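The structure under discussion appears below in the form of structure tokens.
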Amino acid sequence: MKNQYVGDIGDYGKYGLLRFLASRGIRIGVNWYLTDNDETKDGKFTNYLKDADIMGDMQYDKDLFYLLQPIVEKGKSNKCVQDIEKAGIIPKAVFFHEMLPKSNTPNRCDWHNRAMDALSITDVELIFADPDNGTFRDKKKLPIRSSEKYAMLEELREFYDAGKNVVYYCHKARRKQEAWAEKKHEFNDEKHHAKIIVLTFHRGTQRSYIFAIHPEDYDKYDDIVNDFLKSAWGSVSIGRKEPPFSREK
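The numbers in my numbering rise by one with no breaks, and the one at position 232 of the sequence shown is 223.
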């Protein structure tokens, strides 16, 4: 996550999902996997917030729509994830917004341990990880120059092993279907047998959210996800070919 992404159309969908989960009584721990802004135009798609048509993007979550407007108006250099935290956009959530180290060094291990300490509160049930580029499987092969753009699977598995359910950002990129199918289930190994749920947000760049759920919690999350997809977030609107969110097989 970069501060420049705050309020982008993809961010809107992300908060819509997390807010729905929170409305069903799930307390969320957010690890932003925060990285420095860059000179790209990523995060520029905020014009949807200027459309006041109730049948437009506002229909998905009117309260969220209005909460994001003044944050985005601050501009790329001034808006930040702390604005999201202070606005109460994800009710009752706990946050870790320390900047992720830029190289795969012991500093990253220390960073992760601080994240564990901050988010492993007893009543936090679900950990949300928001890395720029998704996950990386093999720590030894992690590219040093861009290591901060990834969440390590072993980091996410530590939260799972501590009794938390996990959901993390990932994107299909240019992967073919076979590689994408493998990617969606990479959380599991010989020691981990989580139930996997994948939701994909189709507005702007395709973004997916991969849930790794403890088997005993699966039915509850399955019901919540199905209810989410029955809301406006999972419905086809006038003038659109597909709903904002869909569930992948």
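Every residue, glycine too, gets a C-beta built ideally from N, C-alpha and C.
Please read these numbers as outputs of a predicted model, since none were measured by experiment.
{"Check": "Proximity winner among His103, Pro235, Pro92, relative to Ala223 (alpha-carbon distances)", "Outcome": "Pro235"}
{"Check": "Backbone secondary structure at Phe56 - three-state DSSP", "Outcome": "helix"}
{"Check": "Spatial distance of Asp74 from Trp171 (CA atoms)", "Outcome": "33 Å"}
{"Check": "Per DSSP, cross-strand counterpart(s) of Tyr159", "Outcome": "Ala120, Ile201"}
{"Check": "Where Val252 falls: helix, strand or coil (DSSP)", "Outcome": "Residue 252 is absent from the model: the chain starts at -8 and stops at 240."}
{"Check": "Own chain, CB closer than 8 Å to Val63, minus 5 neighbours either side, in chain order", "Outcome": "Val(-3), Gly(-2), Thr37, Leu40, Lys70"}
{"Check": "6 Å CB neighbourhood of Phe86 in its chain, flanking five on each side removed", "Outcome": "Val21, Glu76"}
{"Check": "Separation of Lys174 from Ala203, as counted between CA atoms", "Outcome": "13 Å"}
{"Check": "Proximity of Arg18 and Asp152 at Cβ, strictly below 7 Å", "Outcome": "no"}
{"Check": "Limits of the alpha helix (DSSP H) - the one that Ser14 falls within", "Outcome": "0 to 14"}
{"Check": "Rounded C-alpha distance that separates His193 from Ser226", "Outcome": "12 Å"}
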